[in-house]
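Student: Okay, handing you the structure first.
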Amino acid sequence: MDIFEKLTEVLADHTGRDASEFTRDTTFESLGIDSLETVEMVMELEEELDTELELDEKVSTVGELVAFIERKLGE
Amino acid sequence: MAELTGKVALVTGAARGIGYAIAAKLAENGADVVLFDLCPEEAGEAAAAEIANTYSVKALFRRCDVSNFDTVQETVKEITKELGGVDILVNNAGITRDKVLLAMSEQDWDMVLDINLKSMFNTIKACYRNFMKKKAGKIINISSVSGLMGNAAQANYSASKGGVVALTKTVARELATRGVNCNAVAPGAIETPMTASMDQGALQALLATVPMGHMGKPEDIAECVAFLASDRAKYITGEVIRVDGGIAM
């Protein structure tokens, strides 16, 4: 399953932009997404992935969040 | 239907004193309640049974050291499984170790800060995700007039309770757009086991500072908490309400 793709879908939902606009280097700040909203997006992904992903580190780009989730899923 | 029917309230330091009065009041208003306390198992179970029998709600006791981060996370997970997530969190647990600063030990300082302030970080953190998911929640932290004014021989206690005010306002700001209210109540001189154990001279001196001239009762605090826990207070957040007979006005 492609976490990047899933995340960009959630991002599109949150920002009203097209999923194709996001790259791994896109910062949440540039999208006007604060850290709590990042947590909320992770919660939405938790439901889709049926797992618990406690976001316990600071992530500032889409790529960092994808890497975080992939690492958690691998644990 | 009572206004808190269907809600789950977690109250720390709930086996006696102000905490017990709060748990009982929330139960009277229809909430199921979870009592955290470090008291002996028997006393905690008795307090929970009394509330359950009187108000016909679910009342659970969990012996829990709220200053221990891991214990709190685990215990909140357990009660979430049993009752569903916490809707109302009342951080009340607190202790005093009064001495002038010169005589205060490092242990006196750490213990009071851990139980009175760090405990609130522990419980709020344990409930935070659930509040965000529900986009609803009430957090009520018990501060003290000592935290607003300072109080000689209470450097540790006053600092912890002042910290509670800052924590309350910060959490209120973080969660304001998420449907979560976070407020504090600052009691003054209240008739509790904590004040009963005070030095009589100090108690008299304290009483002399109360414009109303008498001590308050735990129920006075509980009424204020019950209001903040209800939808009647939905537009109030980051507030500190003094219930102190006028001490800190």
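Taken in sequence, the protein lines are chains W and X. Per my numbering, the first sequence starts with residue -3, numbered consecutively. Per my numbering, the second sequence starts with residue 2, numbered consecutively. Every residue gets a Cβ at the ideal spot worked out from N, C-alpha and C, and that includes glycine. Because the structure is a prediction, the values reported are computed rather than measured.
#1: If we count the other Cβ atoms within 10 Å of its Cβ and call it buried at 16 or more, is X/N54 buried or exposed?
#2: Output, in sequence order along the chain, the residues in the segment 19 to 39 of chain W whose CB is closer than 8 angstroms to any CB in chain X.
#3: Could you check whether the Cβ of X/M250 sits closer than 8 angstroms to any Cβ belonging to chain W?
#4: CB-CB under 6 angstroms to X/T76, same chain, minus the five flanking residues each way: which ones, in chain order?
#5: So with CB distances below 8 angstroms, who are the chain W contacts of X/K134?
#6: In angstroms with no decimal places, state the Cα-to-Cα distance between W/L69 and W/L41.
#7: Check whether the segment 99 to 113 of chain X and the segment 44 to 58 of chain X are in contact - that is, three or more C-beta pairs closer than 8 angstroms.
#8: Roughly how far, in whole angstroms, is the beta-carbon of X/L176 from the beta-carbon of X/F228, given that I think they are within contact range, below 8 angstroms?
#9: Residues of the segment 155 to 183 of chain X with a CB closer than 9 angstroms to any CB of chain W: list them in chain order, please.
#10: Taking Cβ positions, are X/L5 and X/A230 nearer each other than 8 angstroms?
#11: Find out if the Cβ-Cβ distance for the pair X/T124, X/L168 is shorter than 8 angstroms.
#12: Restricting to Cα atoms, I'd like to know which of X/S145, X/T238, X/A137, X/D88 is closest to X/A32.
#13: Among residues of its own chain, excluding the 5 on either side of X/I242, which ones have a beta-carbon nearer than 8 angstroms to its beta-carbon?
#14: Name the two residues that bound the continuous beta strand (DSSP E) containing X/V9.
#15: Along the chain, which unbroken stretches of the alpha helix (DSSP H) at least 4 residues long are found entirely within the segment 170 to 214 of chain X?
#16: Tell me, which residues are paired with X/V91 by DSSP?
#17: Taking the Cβ atom as the reference point for each residue, do X/I116 and X/G95 lie within a distance shorter than 8 angstroms?
#18: To the nearest angstrom, how far is it from the Cα of X/N93 to the Cα of X/D38?
#19: Answer yes or no: does any C-beta atom of chain A fall closer than 8 angstroms to that of X/D109?
#20: Helix, strand or coil: how does DSSP classify X/K235 here?
#21: Considering only the beta carbon of each residue, do X/A48 and X/A22 sit closer than 8 angstroms?
#22: Grouping DSSP H, G and I as helix and E and B as strand, with all else coil, what is X/A3?
#23: In this structure, how does DSSP classify X/K78 when only helix, strand and coil are distinguished?
#24: For X/I242, does the three-state DSSP call read helix, strand or coil?
#25: Report the residue from W/E53, W/E33, W/I65, W/E43 whose alpha carbon sits nearest the alpha carbon of W/H10.
#26: How many Å lie between X/G148 and X/N157 at the Cα?
#27: Where does W/G57 sit, in a helix, a strand or coil, going by DSSP?
#28: Take X/C40 and list the residues in its own chain whose beta-carbon comes closer than 6 angstroms to its own, dropping the five residues that flank it on each side.
#29: DSSP three-state label for X/T55, please.
#30: Let's test the definition: count the other Cβ atoms within 10 Å of the Cβ of X/D221 and tell me whether it reaches 16, buried, or not, exposed.
Tutor: The structure says:
#1: Stepping through the second sequence from its first residue, residue 54 of chain X is reached at position 53. That one is exposed.
#2: Along the segment 19 to 39 of chain W, the positions whose C-beta sits under 8 angstroms from a C-beta of chain X are L32, V35, E36, M39, read in chain order.
#3: The residue labelled residue 250 of chain X in the question sits at position 249 within the second sequence. By this cut-off, X/M250 is not an interface position.
#4: Numbered from 1 along the second sequence, position 75 holds the residue referred to as residue 76 of chain X. So the qualifying residues of the chain are R63, C65.
#5: Stepping through the second sequence from its first residue, residue 134 of chain X is reached at position 133. Neighbours of X/K134 on chain W, chain order: M39.
#6: Sequence index remark: in the first sequence, residue 69 of chain W carries index 73 (1-based). Sequence index remark: in the first sequence, residue 41 of chain W carries index 45 (1-based). Rounded to the nearest angstrom, the two C-alpha atoms are 12 angstroms apart.
#7: no
#8: Start at 1 with the first residue of the second sequence, and residue 176 of chain X comes out as number 175. Start at 1 with the first residue of the second sequence, and residue 228 of chain X comes out as number 227. That pair is no contact at about 19 angstroms.
#9: E175, L176, T178, R179
#10: Indexing the second sequence from 1 puts residue 5 of chain X at position 4. Indexing the second sequence from 1 puts residue 230 of chain X at position 229. Yes; because the gap between Cβ atoms is below 8 angstroms, this pair is in contact.
#11: Numbered from its first residue, the second sequence carries residue 124 of chain X at position 123. Numbered from its first residue, the second sequence carries residue 168 of chain X at position 167. Not closer than 8 angstroms, so no.
#12: Your numbering for residue 32 of chain X matches position 31 in the second sequence. Nearest option by C-alpha distance: X/D88.
#13: In the second sequence, counting from the first residue as 1, residue 242 of chain X sits at position 241. Correct list, in chain order: N184, A185, V186, A187, C225, L229.
#14: Numbered from 1 along the second sequence, position 8 holds the residue referred to as residue 9 of chain X. Element bounds for X/V9: 9 to 13.
#15: 194 to 197, 201 to 208
#16: Counted from its first residue, the second sequence places residue 91 of chain X at position 90. Answer by DSSP bridge pairing, in chain order: X/V12, X/I141.
#17: For the purposes of this step, residue 116 of chain X is taken as the residue at position 115 of the second sequence. For the purposes of this step, residue 95 of chain X is taken as the residue at position 94 of the second sequence. Contact: yes.
#18: The count along the second sequence starts at 1 and reaches residue 93 of chain X at position 92. The count along the second sequence starts at 1 and reaches residue 38 of chain X at position 37. Rounded to the nearest angstrom, the two C-alpha atoms are 10 angstroms apart.
#19: Any reference to chain A falls outside this structure, whose protein chains are W and X.
#20: Residue numbering aside, residue 235 of chain X sits at position 234 when the second sequence is read from its first letter. In the structure shown, X/K235 sits in coil (DSSP, three-state: anything other than H, G, I, E or B).
#21: Mapped onto the second sequence, residue 48 of chain X falls at position 47. Mapped onto the second sequence, residue 22 of chain X falls at position 21. No.
#22: Here residue 3 of chain X refers to the residue found at position 2 of the second sequence. DSSP places X/A3 in coil when its eight states are reduced to three.
#23: The count along the second sequence starts at 1 and reaches residue 78 of chain X at position 77. Three-state result, X/K78: helix.
#24: Mapped onto the second sequence, residue 242 of chain X falls at position 241. Residue state, collapsed to three classes: strand.
#25: Within the first sequence, residue 10 of chain W is the residue found at index 14, counting from 1. Of the listed residues, the one whose Cα sits closest to W/H10 is W/E33.
#26: Your numbering for residue 148 of chain X matches position 147 in the second sequence. Your numbering for residue 157 of chain X matches position 156 in the second sequence. Distance between the alpha carbons of X/G148 and X/N157: 10 angstroms.
#27: Against the first sequence, residue 57 of chain W aligns to sequence position 61. The question names Gly, but residue 57 of chain W in the sequence shown is Thr. DSSP places W/T57 in strand when its eight states are reduced to three.
#28: Your numbering for residue 40 of chain X matches position 39 in the second sequence. Excluding residues within five positions, the ones whose Cβ falls inside 6 angstroms are A16.
#29: Counting from 1 along the second sequence, the entry for residue 55 of chain X is found at position 54. Helix.
#30: Reading the second sequence from its first residue, position 220 is the one you call residue 221 of chain X. Counting Cβ neighbours within 10 Å, X/D221 comes out buried, since at least 16 surround it.
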